[in-house]
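Contents: one structure, followed by commentary.
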DNA sequence: GATGAATGAGGATTCATTCAT
DNA sequence: AATGAATGAATCCTCATTCAT
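This is the structure:
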């Protein structure tokens, strides 16, 4: 089939360029803070009409960018969930966390995009979030529930929410915290520390001895 | 004389009504997602021009609303910081946390407002945040540093950021998490659980036995 | 009568302060370029409402400022016209010119105000001009007609218009011409030269030997 | 193919229509007296947004309209300046004047536009004038200086300013003067008289015998 | 696939003005 | 005589979107 053998014409297709631009801008300013013109320009297009060849409207761009990011994270989480179904424990959760962190570190815009999406109360964004982000949340809670820990069922939602904020929040306002704290939070060293801190914090929250989780895997980044 | 006894004509002045409206709307939709018209209407004014009698522009409204909230929280934190200077320990931090939580629970919009403000990268919002929110962050880090705990100096900023996200994040997307988790997160019972969870989580993060912090003060809310 | 003996309460009454401010601002920016707020501020008042105590609306301020200036000039012209009715000649015109110039030099804003008023085509300004400025124009043409000169009746309106532009135009864009020509046009020396030039030019236009008009009266400034 | 022979769809492009409208309106009411809506309507556009596709903002429209007019006049002046460099005398100036007058008579709006621009003191307009109108002024002064005449170097700027006001002023308030003088000033006969008057006046100002300049070229218009 | 041009609706802000004090 | 507060209408400009090419 022609379709199967068509050589990829460009490495980054226009559609991807638009999504990349959208991801960056929406992460930085939110849905309402970004204009279609802005995305167009950042994607290297000359006219806003070009954008409407690839997407029906602004919301669809937003949704596609969000979905691309969410799906990538879900894939990381699901990977662990599938491989070792029966024997899930808190050590497994730590490994899942590592995989997700690997992605978020390289795509901090996605982390911000998702967190901002969750906060917005416009019905438009809410609709998109319900469709796109919910699966991630649901999966996250399930992974956590499988892990066990010192929490009652009543408390579990609070723990889930807490972990989510702990992990994603770091990327959401890192640049601001840097300014306030006067420390680098996004360089390799800081990222490594954050990874360590998160694992340790997660361990504490899950009631595991932090030391059992600290050194394994030997990641340094 | 009537003139001498004139009863205060309105309990809430127009300026306060505007700030209340702004707090609610900006918390829900962010700076760019809220129109001046919207604030005007929610403040009960008939015309946008009225609003410009009290504030120079949209940014000033935003800044004033943000400042009002931040100052209230700073007051809570500073209260504890002043009273018992020498003997600060993790128990003191727990009490500080309680006071801040008391406020945030009653003013969850402020929590959302602050968190959203910290995430925005528009230079406009950044400028305002630098002026208004920074003092809160700085104070927060100081309170934490005084508390001690199992963290090195390198790790402290990460702990501070983590606690911030843990505490404020809960209010930022509570309504969304409710939808996903299918549980009430903002009713009195949920709020009480969150308070418990936070104290316990903070204790774990600070390396204290969670039980020492759990039941004291007998708060119920 | 009380009215006759009322002591003047302030040297510059508020009304005059408003007119002074209006004269300056309207001269610089025209009717549409000046806001009521601007006049209020320049007049030293704190609130625009104060202004409406003295004048019914913006147009009335404009008209009053214009009239004050026009009447002063008319007074200068009429002075000469009344004193020596029968013997009017071109020397008399030169003396009239001198008197008007004396005023315009000290009140260059009035010159600009009048010239700008004449150019505006808004029906509002036109109405005011018809009422206020026309008498000045009419008087000017009569003075000129009395003077005689090498022009036919057909040409006279063109001469009148020309003289008007020659005299008033100088003040209208002096500050710009200064920038372009790189010369001082509003200092005492330049004003003296302009007076000389105008007398000489008027003389030439009226067909008189310029030298007969140059040195008389010994004015300096 | 139709595609190859497509006749030019509109003689006046949208951009030109906007400039034409702007020239007329700004000439009549000045920068502040004209609304963008007004220009839009007069240009035959249905929406103000259309206008912003062609120009960045109101100032740019103003500047473009002004520049178009100024450049046309400069072209007329430069034409004469180039052809007969060595033998410039007052007769040459008279011919230059004729060429400029030819243009101004057909484009009296440009004359008004330029004169009004020169009078405005708003920093915005001043900036535009500095960029656009200055070259015309500079060229005009040079042409005049080349012509010689009975004036000293000190007096020359005053003569230049005077000629400018004499020539451009006529168009600036012709409609008002018509009303006051009760004579036609913009019909063919009046225009011919004004041309005659100007040549004669310029001759007198330059110290030439008016008769040498009056009848040559036989223009009547 | 991409662009020039156009458009209705809405954005923030300023306008002149009024009313009660 | 002056001011604080409020208001409807208009300001300039940007929004997301569409259509023809």
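Chains as they are written, first to last, in our numbering: chain A, 1 to 221; chain B, 1 to 221; chain C, 1 to 221; chain D, 1 to 221.
By construction, the Cβ of each residue, glycine as well, lies at the ideal position given by its N, Cα and C atoms.
All figures in this text were calculated on a predicted structure; none of them were measured in a lab.
Below-9 Å beta-carbon distance, residue i vs any chain D residue
{"i": "residue 107/C", "result": "no"}
{"i": "residue 164/C", "result": "yes"}
{"i": "residue 133/C", "result": "yes"}
{"i": "residue 32/C", "result": "yes"}
{"i": "residue 198/C", "result": "yes"}
Same chain, Cβ closer than 8 Å to residue i, neighbours up to 5 away in sequence not counted
{"i": "residue 144/B", "result": "93, 156, 159, 160, 163"}
{"i": "residue 65/B", "result": "19, 22, 23, 26, 113"}
{"i": "residue 14/A", "result": "43, 45, 50, 54"}
{"i": "residue 47/B", "result": "40"}
{"i": "residue 12/B", "result": "20"}
{"i": "residue 135/D", "result": "70, 74"}
{"i": "residue 6/B", "result": "Reliability of the predicted coordinates at residue 6/B is poor, the pLDDT of 46 falling under 50, and no value is obtained from them."}
C-alpha gap between residue i and residue j, whole angstroms
{"i": "residue 186/D", "j": "residue 175/D", "result": "8 Å"}
{"i": "residue 130/B", "j": "residue 28/B", "result": "21 Å"}
{"i": "residue 180/A", "j": "residue 103/A", "result": "26 Å"}
{"i": "residue 36/A", "j": "residue 61/A", "result": "9 Å"}
{"i": "residue 188/B", "j": "residue 194/B", "result": "10 Å"}
{"i": "residue 196/A", "j": "residue 56/B", "result": "47 Å"}
{"i": "residue 100/B", "j": "residue 97/A", "result": "30 Å"}
{"i": "residue 147/A", "j": "residue 91/A", "result": "8 Å"}
{"i": "residue 201/D", "j": "residue 199/C", "result": "14 Å"}
{"i": "residue 142/A", "j": "residue 110/A", "result": "21 Å"}
{"i": "residue 79/D", "j": "residue 71/D", "result": "12 Å"}
{"i": "residue 137/C", "j": "residue 116/C", "result": "14 Å"}
{"i": "residue 168/C", "j": "residue 52/B", "result": "41 Å"}
{"i": "residue 122/A", "j": "residue 63/A", "result": "14 Å"}
{"i": "residue 153/A", "j": "residue 182/A", "result": "40 Å"}
{"i": "residue 95/A", "j": "residue 95/B", "result": "35 Å"}
Cβ distance (whole Å) where residue i is taken to contact residue j below 8 Å
{"i": "residue 30/C", "j": "residue 30/D", "result": "5 Å"}
{"i": "residue 74/D", "j": "residue 166/D", "result": "Their Cβ separation, rounded to whole angstroms, is 19 Å, which puts residue 74/D and residue 166/D out of contact at 8 Å."}
{"i": "residue 132/C", "j": "residue 67/C", "result": "5 Å"}
{"i": "residue 32/A", "j": "residue 127/B", "result": "No, residue 32/A and residue 127/B are not in contact; Cβ-Cβ is about 19 Å, not under 8 Å."}
{"i": "residue 119/B", "j": "residue 173/A", "result": "5 Å"}
Interface flag, residue i vs chain A, CB-CB below 9 Å
{"i": "residue 185/B", "result": "yes"}
{"i": "residue 62/B", "result": "no"}
{"i": "residue 169/B", "result": "yes"}
{"i": "residue 157/B", "result": "yes"}
{"i": "residue 112/B", "result": "yes"}
Nonlocal neighbours in the same chain, by C-beta distance under 6 Å from residue i, ignoring five residues either side
{"i": "residue 149/D", "result": "206, 207"}
{"i": "residue 190/B", "result": "184"}
{"i": "residue 151/A", "result": "159"}
{"i": "residue 178/C", "result": "185"}
{"i": "residue 108/A", "result": "171"}
Interface flag, residue i vs chain C, CB-CB below 9 Å
{"i": "residue 51/D", "result": "no"}
{"i": "residue 119/D", "result": "yes"}
{"i": "residue 78/D", "result": "no"}
{"i": "residue 6/D", "result": "A caution first: residue 6/D carries a pLDDT of 46, below 50, which makes its placement in the model unreliable, though a value can still be read off. So, not an interface residue."}
{"i": "residue 41/D", "result": "no"}
Residues of its chain near residue i, where Cβ-Cβ distance is below 7 Å and the 5 sequence neighbours each way are ignored
{"i": "residue 17/A", "result": "43, 44"}
{"i": "residue 38/A", "result": "25"}
{"i": "residue 124/D", "result": "59"}
Interface flag, residue i vs chain B, CB-CB below 9 Å
{"i": "residue 180/A", "result": "yes"}
{"i": "residue 142/A", "result": "no"}
{"i": "residue 216/A", "result": "Residue placement at residue 216/A is flagged as unreliable, the pLDDT there being 42, under the threshold of 50; the coordinate-derived value follows with that caveat. False, the Cβ-Cβ gap to chain B never drops below 9 Å."}
{"i": "residue 129/A", "result": "yes"}
{"i": "residue 14/A", "result": "no"}
{"i": "residue 71/A", "result": "no"}
Check: residue i C-beta below 8 Å from any heavy atom of the ligand ZN
{"i": "residue 125/B", "result": "The ligand ZN is absent from the structure shown, which contains no ligands of any kind."}
Exercise. Of all the alpha helix (DSSP H) runs that stay within the bounds of the stretch 9-35 of chain A, which reach a length of 4 or more residues?
Worked result: 14-29
For this session: Kindly provide the ranges of any alpha helix (DSSP H) runs that are 4 or more residues long and lie completely inside the stretch 55-123 of chain B, ordered along the chain.
Result: 58-83, 90-106, 108-119
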